[in-house]
Amino acid sequence: MNKAISVGTQARLWYWQRLSAMVLALCVVGHLIVIMVAVRGGLSGAEVLARTRGNWAFGAFYACFVLACTVHVPIGLMRIAEEWLAWRSRGVVTAAWLFAAVLGLAGLRAVYAVVMP
Amino acid sequence: MTTLNVRVWRGNEDGEFVSYQVPRNASQTVLDVVTYIQRHLEPDLGYRFACRVGMCGSCAMTVNGKARWSCRTHVAKVVQGDALEIAPLSNLPVIKDLATDMTAFFDKWAAAKGQFKGATTRHDAFASVEPASPARKAADAGIECIGCGVCYASCDVVGWRPDYLGPAAMNRAWTLVNDVRDVVGTERLRAVAGDAGCHSCHTQGSCTERCPKQLAPTAGIAGLKRIVAKAAIKGEL
Amino acid sequence: MKRNDMRARNHAAYWAFLIHRLSGLALALFLPVHFWALGHAIQGEAALDGFLKLTDNPLFKTGEWGLVILLSLHMMGGVRLLLIEFRPWTGLRKDWVAFSLGAGLCAGLAFMLSLFS
Chain G
2 MNKAISVGTQ
12 ARLWYWQRLS
22 AMVLALCVVG
32 HLIVIMVAVR
42 GGLSGAEVLA
52 RTRGNWAFGA
62 FYACFVLACT
72 VHVPIGLMRI
82 AEEWLAWRSR
92 GVVTAAWLFA
102 AVLGLAGLRA
112 VYAVVMP
Chain C
286 MTTLNVRVWR
296 GNEDGEFVSY
306 QVPRNASQTV
316 LDVVTYIQRH
326 LEPDLGYRFA
336 CRVGMCGSCA
346 MTVNGKARWS
356 CRTHVAKVVQ
366 GDALEIAPLS
376 NLPVIKDLAT
386 DMTAFFDKWA
396 AAKGQFKGAT
406 TRHDAFASVE
416 PASPARKAAD
426 AGIECIGCGV
436 CYASCDVVGW
446 RPDYLGPAAM
456 NRAWTLVNDV
466 RDVVGTERLR
476 AVAGDAGCHS
486 CHTQGSCTER
496 CPKQLAPTAG
506 IAGLKRIVAK
516 AAIKGEL
Chain W
15 MKRNDMRARN
25 HAAYWAFLIH
35 RLSGLALALF
45 LPVHFWALGH
55 AIQGEAALDG
65 FLKLTDNPLF
75 KTGEWGLVIL
85 LSLHMMGGVR
95 LLLIEFRPWT
105 GLRKDWVAFS
115 LGAGLCAGLA
125 FMLSLFS
């Protein structure tokens, strides 16, 4: 048992991860389509940015995608660390938060980078 | 082939597999094989059985890598050529040879609040439980567990997390959560929540695959996740 | 105590778990890199284009193809888990294990088609 987290919090982590999973299922379908379209004829900065620059709908979709990842990914990684690295302490929780911060900041920065006109 | 080449675990954790030659018969079960070895070849072989007809769950062992009831496992079904490998159940301390210490298994049953607690006495009217209600059907689907330990031995999460309650304990808790007469309530939900409980089940499904009574602890644990989530949202946890 | 080996794990639901966990791990490690790559666009189109040119080789494209497959597998496996956890019990949903593999295959083929068109 990871004594750093109460059972109430564990329950909430579970449903936040499932909720974000439901959001991500939709986002991933959308993203796979975008990938297939974008990759045609090779990737170039000009092509990518022509589609994304000033495209606020695109920006909103991908911002949402990033936020869902920020919730979903660290919780999953924490489980792997607890079970396969036997890392069960305050430390693994902190590491998960840190990773969430990295994903959130880097992800939103990337969305900004491609959408900002 | 008239002889079986049987490797049996001997010793405790620091033991080893020892080979025995056992005459092969028609309709022979793994329990027959183990009994033959103890009676004719290795008098101090330690193993458990009781009913030998698939009712008590005492004879659970690892046969060719999978947890099974040895009394209900026909040699013909599992033998590989003429080879059999018989080991104690996984995930439990080994006392001797094929006998494991099941204390942790039953302690976790208790820790999951796997006991019924009612609020009525013999002087009250009978409880009225609708057999076709979803709750009773859910309880009935898991009620036949005899605590044999096969699911517990088959679960990797039990191996990875020492305090993980395991499928049997949580299956029992699920049947009681669905029992309208039980009054333990939120205390039981608190007992089965968390990473020692239902939230560490990753739906590997080995429990459901191996249960000799075709129960589905995976289903019960999924149900516990839903009910615990509802309780957490309401602030009851 | 003795531990299980692959003989105890050789069934569909376990393979589904393993694929789901390993694909999730790979995607989790890939994400920060992906965000960093896209973030090049902050320095302008040329910066992003420069980076994309670096990725225009068979090794990289194979990696991208692998990631697309892993993403598809992880998503479909995840939908299977959501069904098991939130819908009435109908078993370990091995049909969904099959769909997931099919979807992964389709995603891989679609990506290759897009790449070469």
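Protein chains in written order, with the working numbering: chain G, 2 to 118; chain C, 286 to 522; chain W, 15 to 131. We put the beta carbon where it would ideally sit given N, CA and C, even for glycine. Remember, it's a predicted structure, so these values are computed and weren't measured experimentally.
Continuous alpha helix (DSSP H) stretch holding C/Y321: start and end
Boundaries of the alpha helix (DSSP H) harbouring C/Y321: 315-321, taken from the DSSP string.
Could you name the residues of the same chain whose beta carbon sits closer than 8 Å to that of G/V74, not counting the 5 residues immediately before and after it, in chain order?
Closer than 8 Å at the Cβ level, and outside the excluded window around G/V74, lie F100, A101, L104.
Would a check of beta-carbon distances place C/A389 closer than 8 Å to chain G?
no
Is G/A87 close to chain W? Criterion is C-beta to C-beta, closer than 8 Å.
no
Validate contact between the region 418-433 of chain C and the region 450-468 of chain C using beta carbons, cut 8 Å, 3 pairs
yes
Which runs of the alpha helix (DSSP H) at least 4 residues long sit entirely within the region 328-375 of chain C? Give them in chain order.
360-363
Starting from the Cα of C/S439, find the closest Cα among C/C341, C/W294, C/T347 and give me that residue.
Answer by Cα proximity: C/T347.
Please state if the CB of W/A42 and the CB of G/G77 are separated by a distance shorter than 8 Å.
yes
With three or more C-beta pairs closer than 8 Å as the rule, is the region 110-129 of chain W touching the region 71-86 of chain W?
yes
Does DSSP classify G/W98 as helix, strand or coil?
helix
Could you say which of C/H408, C/G434, C/A426, C/R407 lies nearest to C/W394 if we only look at CA atoms?
C/G434
Would C/H484 pass as an interface residue toward chain G - the criterion being a Cβ-Cβ separation below 8 Å?
yes
What residue ranges within the region 374-435 of chain C form continuous alpha helix (DSSP H) runs of no fewer than 4 residues, ordered along the chain?
As summarised for the region 374-435 of chain C, the continuous alpha helix (DSSP H) elements at least 4 residues long and confined to that stretch are 388-396, 419-427, given in chain order.
How about C/D382 and C/R295: are their beta carbons less than 8 Å apart?
yes
Does DSSP put G/Q18 in a helix, a strand or coil?
For G/Q18, the three-state secondary structure derived from DSSP is helix.
Other residues of its chain near W/H54: CB distance less than 6 Å, five sequence neighbours each side excluded:
A61, L62, F65
Residues bridged to C/E301 (per DSSP)
Residue pairing of C/E301 in beta bridges, as defined by DSSP: C/R295.
Buried or exposed for C/S343, going by 16 or more other Cβ atoms inside 10 Å?
Answer is buried; the Cβ neighbour count reaches 16.
Does DSSP put G/V35 in a helix, a strand or coil?
Looking at G/V35 - three-state DSSP - the assignment turns out to be helix.
What residues from chain C crowd round W/K75, counting only those whose CB sits closer than 9 Å?
The contacting residues do not exist; W/K75 stays about 33 Å from chain C at best.
What do you get for C/I371, buried or exposed, if any count of 16 or more other CB atoms within 10 angstroms of its CB means buried?
buried
Residue closest to C/A396, alpha-carbon to alpha-carbon, out of C/V442, C/A514, C/G479
C/G479
Candidates C/E298, C/P378, C/L326, C/D448: which alpha carbon is nearest C/V307's?
C/L326
List, in order along the chain, the chain G residues whose C-beta lies closer than 7 Å to that of W/S38?
Note that residue 38 of chain W is Gly in the sequence shown here, rather than Ser. Correct list: G77.
When you check each C-beta in the region 464-491 of chain C against every C-beta of chain G, which residues fall closer than 7 Å?
R475, A478, G479, D480, A481, H484
Answer with yes or no whether the minimum CB distance from C/G451 to chain W is below 8 Å.
no
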